[in-house]
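In short: position in the sequence shown from 1, add 102, done, that's our numbering.
All residues carry an ideal CB built from backbone N, CA and C; glycine is no exception.
These notes are about the structure you will find just below.
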Amino acid sequence: MADKLDMREEALGVLMDMEKYQKMSHVAIGDALMRLQFVSKQDRAFFTCLCEGVTERRIYLDYILDCFSRTKMEKCKPLIRNLLRLSAYQILFMNTRDAAACNEAVALAKKRGFRGLSGFVNGVLRALIRSKDHLPLPDKKADPLEYCSVCYSVPPWLVELLSDQYGWEQTEIMLQSFLTVRPTTIRASISRISPGALKDMLAEEGVQVSEGSYFPYAFHIDGFNHLSKIPSFRKGFFTVQDESSMLPAAVAGIRKGDHVLDLCAAPGGKTFHAADVAGSDGYVIARDLTEYKTDILHENNDRMKYPQIKIEQWDATKYDASLQEAMDVVLADLPCSGLGVMGRKNDIKYRVSREQIAELVTLQRDILSVAWRYVKPGGTLIYSTCTLNHEENLDNVRWIEAHTPLRLASMEAELPTGLRGRTGDSGYLQLLPGIDACDGFFVSKFVYPIDALHEGSERF
């Protein structure tokens, strides 16, 4: 019990840091896991489940706790608020004895200097325990917006945005999917090892492996403690990458020896995929805005060891005349609202706003107004995002068509079999979580027609 108490307190500390310092959940949890890498796998899993679960279900937890508390959660002291959330999550979603969750919460309140509020904590949690089989919820028929917001812990404005664009049925499917466990998906470094050989190697290393849904070089892995402890990972034989994120390099039509520019490359999944396909005779420039992000790229390529990759710090909104019409393929996987990966980065939904989305659309178009100029006549631009929002996806496709000489090109032939026959002929594809077997993702393919060369130079 002492170890579990320590893990509860560690989780409480991370939740407090996220609230006080606005740390991203995956950063705060990742930093803590590095510090806790020598504790048992079971305790690490308990800690991670608490941190991620409380973050993911925060709106729901606050709604339920408000039903049993005289003081609403938003009015509680931050430590008490997070302690109640943490304890309620254990009671409602984890295989933890109710009495243990309550008693440990009371003990933690006293230990952290809130002895006077320990009775309040005890009372709220015991009331929750007594009623946990008959919890109140908003009426779905009377107010589907509030119902979905509470049940799936998504801010009301975001539920409204998705329902306006996709309808209630598809929206609820997507919201449900964000609360399901996401597998760890990897892509084999196909220029260095065959998928079959990697699968066998992972099995020998004690890792559970299953086939991906779309690509023959994609696998789901489980049963490992830490990636860095897997020999094949350390040797650069695979990289962690969702299958949706494999689409840009897969549909770009990259050929051996091609020159590829990845505009916003960190952490490097698409860069490494492009390098795999272009081969040792190819040339891949991986750029990102900050030293922090290029350091991530360098660190990952130290493991992956692709000599044909050149990593550069560069602001993608700034034009680089040295690359004018020099690239066979430009990968523009741009900063976005990230609504398609809310199941993996479960605090995105609390951080994004309508105002930020408008700013992101402006940024995306600023980058795209430069990016197309790097494409050779006859070359390809891939525009992609990990969001579901039409303003950042379909509206930007129309913007590219209106403001550049590039034209949409079918990617049907390059799509994996399971994704063909949808919108590939139109040059773009929207993947939906819960409907497709991957994260939410948007990808579009443009070519610079050779016969538009002079027109492009004059008009744009």
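Best match in the options for proximity to residue i [C-alpha to C-alpha]
i       : options                               : result
Leu-304 : Arg-289, Val-379, Asp-435 and Phe-148 : Arg-289
Gly-381 : Glu-154, Val-362, Leu-349 and Asp-164 : Val-362
Leu-152 : Phe-140, Ala-130 and Arg-172          : Ala-130
Asn-495 : Tyr-421, Lys-372 and Leu-531          : Leu-531
Lys-125 : Leu-490, Arg-453 and Gly-442          : Arg-453
Lys-122 : Leu-181, Gln-144 and Phe-140          : Leu-181
Phe-317 : Phe-335, Lys-407, Ala-351 and Ser-330 : Ala-351
Val-545 : Glu-493, Thr-487 and Asp-553          : Thr-487
Tyr-162 : Ala-134, Val-116, Phe-195 and Asp-133 : Phe-195
Thr-341 : Tyr-319, Arg-357, Asp-360 and Ile-356 : Tyr-319
Leu-117 : Asp-422, Ser-291 and Asn-448          : Asn-448
Leu-391 : Arg-446, Glu-503, Lys-420 and Asp-383 : Lys-420
Gln-278 : Ser-296, Tyr-268, Pro-258 and Tyr-254 : Tyr-254
Residue i, DSSP secondary structure in three states
i       : result
Ser-312 : strand
His-322 : strand
Pro-297 : helix
Met-109 : helix
Lys-212 : helix
Gly-480 : strand
Leu-219 : helix
Phe-340 : strand
Arg-172 : coil
Val-261 : helix
Met-103 : Because Met-103 carries a pLDDT of 38, less than 50, the predicted location of this residue cannot be relied on, and the following value inherits that uncertainty. The answer is coil: DSSP assigns Met-103 none of H, G, I, E or B.
Arg-405 : helix
Short CB-CB distance (under 9 Å) between residue i and chain B
i       : result
Arg-146 : Absence of chain B from the displayed structure is noted, only one protein chain being present.
Bridge partner(s) assigned by DSSP for residue i
i       : result
Glu-414 : Arg-389
Val-252 : Paired residue(s): none; Val-252 is not in a bridge.
Asp-435 : Ser-486
Gln-267 : In DSSP, Gln-267 forms no bridge with anything.
His-375 : According to DSSP, His-375 bridges with nothing at all.
Ser-291 : In the DSSP output, where bridge partners are listed per residue, Ser-291 has none listed.
Ser-546 : Tyr-485 and Tyr-530
Asp-362 : One point to set straight first is that residue 362 is Val, not Asp, in the sequence displayed. In DSSP, Val-362 forms a bridge with Val-386 and Val-431.
Pro-535 : Asp-538
Integer-rounded CB distance, given that residue j should sit under 8 Å from residue i
i       : j       : result
Glu-50  : Pro-285 : Outside the shown range of the chain (103 to 562) lies residue 50, about which nothing can therefore be said.
Ala-515 : Phe-548 : The Cβ separation is near 16 Å, so there is no contact.
Arg-110 : Leu-188 : 7 Å
Ile-193 : Lys-234 : 6 Å
Glu-158 : Leu-263 : The Cβ separation is near 19 Å, so there is no contact.
Pair within 9 Å by beta-carbon distance, residue i and residue j
i       : j       : result
Leu-365 : Asp-430 : no
Ala-354 : Leu-433 : yes
Leu-508 : Leu-521 : no
Val-156 : Ala-113 : yes
Trp-501 : Arg-467 : yes
Leu-239 : Val-256 : no
Ile-537 : Gln-272 : yes
Gly-298 : Gln-343 : no
Ser-220 : Ala-211 : yes
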